[in-house]
């Protein structure tokens, strides 16, 4: 295998590929910013505190053998009391009996 004798050609191709890479990276970042703007347009910041009562979203699966239809099941379960905040969006809950 022979290496090309014209190193200037290789250097110019490398410079061109780096330029194309930089342009594509900038376009992707700009596109992500636009998407994020439209995605967050109707979002509301929810601030929960320890001790707040919340409802837990449930997800049931239909089971024809038991005659259970998920679309008729309750969508939320609770109330639950927030016991601990693990991160910004993750909380530890305990069932609150009335």
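In the working numbering, the protein residues as written are 139 to 236. Each residue gets a CB set at the ideal place from its N, CA and C atoms; glycine is no exception. Predicted model, so just to flag it, every value in this text is computed and none were measured.
With the rule of 3 Cβ pairs closer than 8 Å, the stretch 184–200 does not count as touching the stretch 165–174. Look at residue 204 here: in three-state DSSP terms it is helix. In its own chain, leaving out the 5 sequence neighbours on each side, no residue places its CB closer than 7 Å to the CB of residue 178. Straight through space, the alpha carbons of residue 220 and residue 234 are spaced by roughly 9 Å. When DSSP states are grouped into helix, strand and coil, residue 181 belongs to the coil group. About 5 Å separates the CB atoms of residue 194 and residue 216; that is less than 8 Å, so the two are in contact. Comparing alpha carbon positions, the residue from 196, 159, 181 closest to residue 213 is 196.
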